[in-house]
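So the structure is just underneath, and the comments pick up after that.
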Amino acid sequence: MQYKQFFSRLFFYLKAHIGKLIFTSVMMMFATALESSIPEITGRIVDELFAAERDQQTALIYALALFGVIVLSSIFAMTSTAASSWVSNKVIMDLRVDMFAKLLRLPKSYFDQHPTGKTLSKLTFDVEQIAAAASSIWLDFIKSSMSVIILVGYLFYKNWQLSLTLLILLPLVYLAVKLSSNRMRSSSKKVQNSMGRMTHLLDENISGSSLVKIYHAQEQESKKFNDLIKNIRQQRFKVDMTGAFNTGFVNILIGLSLGSVVYFSSTLLAMSAGEFLSFFTAMGMLVKPAKSLVNIN
509 MQYKQFFSRL
519 FFYLKAHIGK
529 LIFTSVMMMF
539 ATALESSIPE
549 ITGRIVDELF
559 AAERDQQTAL
569 IYALALFGVI
579 VLSSIFAMTS
589 TAASSWVSNK
599 VIMDLRVDMF
609 AKLLRLPKSY
619 FDQHPTGKTL
629 SKLTFDVEQI
639 AAAASSIWLD
649 FIKSSMSVII
659 LVGYLFYKNW
669 QLSLTLLILL
679 PLVYLAVKLS
689 SNRMRSSSKK
699 VQNSMGRMTH
709 LLDENISGSS
719 LVKIYHAQEQ
729 ESKKFNDLIK
739 NIRQQRFKVD
749 MTGAFNTGFV
759 NILIGLSLGS
769 VVYFSSTLLA
779 MSAGEFLSFF
789 TAMGMLVKPA
799 KSLVNIN
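For the sequence shown, our numbering gives the first residue as 509, with consecutive numbering after it.
Right under this line is the structure:
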């Protein structure tokens with residue numbers, strides 16, 4: 509099944525909850541926007557509270573502002589996660605109900621042609637994977653993409669000269685994602701198929717344990733199982749290593765940007781301590797959403 513076809517079918521189940529999905533997205537946007545204001549607040553704290561004349565009232569205002577931002581951001585994020593979890597679990601329930609109803613109507617020829625384990629895997633493992641597409645991936649995409657947009661915009665607003673390093677590095681990030689995405693998808697699909705075969709093999713050996721003993725096939729079945737789980741381990745390792753490479757590559761690029769900021773801000777550009785801290789903090793906050801966008805692939 510092509511990815512477009514998969515998501516079009518998934519949307520059939522999601523459209524009944526479109527209102528909750530919009531609510532979830534809006535809550536996450538509020539949480540992300542509030543989180544992204546932290547660099548500016550910290551920068552102003554350094555510039556205004558560590559000056560020669562310190563104002564206690566100003567300190568209280570900034571302390572309350574920082575606390576309020578963190579509290580509100582946490583509330584919005586928690587609300588978004590709760591709504592997303594409700595939707596994803598409802599989609600899983602609806603899918604399993606429809607799949608089981610379909611299963612009861614299938615002809616005997618279907619069960620003759622398809623291993624029992626693969627059918628069981630579709631109702632258990634595969635449906636659980638859909639939950640990720642229905643909720644967590646969508647939330648991660650909303651949060652990460654909005655964080656990147658806000659933080660990059662903020663960086664250009666604060667100092668466009670230093671922010672130009674990001675424009676140089678973005679094409680390299682895109683290239684890394686493009687090269688690794690096909691391999692990651694291929695390996696993930698192989699893991700999914702192998703899990704179905706493993707469930708089938710387990711079902712055969714549990715239901716036919718007496719036959720295995722009669723024909724002394726323990727060693728043969730053990731070899732089949734060991735080969736299968738070895739294949740699963742190899743495919744999972746490929747997925748993990750591809751994700752690790754993407755994350756490491758993004759970290760190196762962001763580290764290069766941070767190093768450039770430190771050098772140029774201290775040698776070529778005049779920046780106050782607060783401005784430097786806010787700029788540096790915003791660039792540091794880019795690491796997590798950038799890695800998340802890469803790993804969503």
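Note that beta-carbon positions come from the ideal geometry of N, C-alpha and C, so glycine has one too.
Practice problem: Alpha carbon to alpha carbon, how far is tryptophan 594 from leucine 722? Give it in angstroms, no decimals. | Solution: Translated into the one-based positions of the sequence shown, residue 722 becomes position 214. Translated into the one-based positions of the sequence shown, residue 594 becomes position 86. Note that residue 722 is isoleucine in the sequence shown, not leucine. Distance between the alpha carbons of isoleucine 722 and tryptophan 594: 49 Å.
Self-check item: Straight-line Cα distance separating arginine 744 from arginine 691
Solution: Reading the sequence shown from its first residue, position 183 is the one you call residue 691. Reading the sequence shown from its first residue, position 236 is the one you call residue 744. Between arginine 691 and arginine 744, the C-alpha separation is close to 12 Å.
Quiz item: Does leucine 542 have its Cβ less than 8 Å from a Cβ in chain C?
Solution: Of the chains in the structure shown, none is chain C; there is only one protein chain.
Quiz item: By how many angstroms is the C-alpha of alanine 609 removed from the C-alpha of leucine 572?
Solution: Indexing the sequence shown from 1 puts residue 572 at position 64. Indexing the sequence shown from 1 puts residue 609 at position 101. The alpha-carbon atoms of leucine 572 and alanine 609 are separated by roughly 55 Å.
Self-check item: Local Cβ density within 10 Å of glycine 551, reported as buried at 16 or more and exposed below that
Solution: The sequence position of residue 551 within the sequence shown is 43, counting from 1. It is buried - the Cβ of glycine 551 has at least 16 other Cβ atoms within 10 Å.
Quiz item: Is phenylalanine 788 closer than 8 Å to valine 758 when the C-beta atoms are compared?
Solution: As a position in the sequence shown, residue 758 is number 250, starting the count at 1. As a position in the sequence shown, residue 788 is number 280, starting the count at 1. Their beta carbons are not under 8 Å apart, which means valine 758 does not touch phenylalanine 788 by this criterion.
Practice problem: Under 8 Å by Cβ, that's how I've got lysine 630 and methionine 607 pegged, so tell me the actual separation to the nearest angstrom. | Solution: Here residue 630 is taken as the residue at index 122 of the sequence shown, counted from 1. Here residue 607 is taken as the residue at index 99 of the sequence shown, counted from 1. That belief holds up - the Cβ atoms of lysine 630 and methionine 607 are roughly 7 Å apart, short of 8 Å.
Exercise. Please look up how many angstroms separate the CB atoms of isoleucine 658 and alanine 541, rounded, as I've assumed it's under 8 Å.
Key: Residue 658 sits at position 150 when you count from the first residue of the sequence shown. Residue 541 sits at position 33 when you count from the first residue of the sequence shown. Indeed they touch by this definition, with Cβ atoms about 6 Å apart.
Quiz item: Quick one: any contact between the stretch 789-798 and the stretch 661-670, if contact means 3 or more CB pairs under 8 Å?
Solution: yes
Practice problem: Compute the Euclidean distance between the alpha carbons of glutamate 636 and isoleucine 600, then round it to the nearest angstrom. | Solution: Along the sequence shown, one-based indexing puts residue 636 at 128. Along the sequence shown, one-based indexing puts residue 600 at 92. Taking the straight line joining both Cα atoms gives about 7 Å.
Quiz item: Exposed or buried, what is proline 615 when buried is set at 16 or more other beta-carbons lying within 10 Å of its beta-carbon?
Solution: Within the sequence shown, residue 615 is the residue found at index 107, counting from 1. By the neighbour-count rule (16 or more Cβ atoms within 10 Å), proline 615 is not buried but exposed.
Practice problem: Pull up the distance between the alpha-carbon of proline 547 and that of lysine 523, whole angstroms please. | Solution: Counting from one through the sequence shown, the residue named residue 547 turns up at place 39. Counting from one through the sequence shown, the residue named residue 523 turns up at place 15. Going by the C-alpha atoms only, they are around 37 Å apart.
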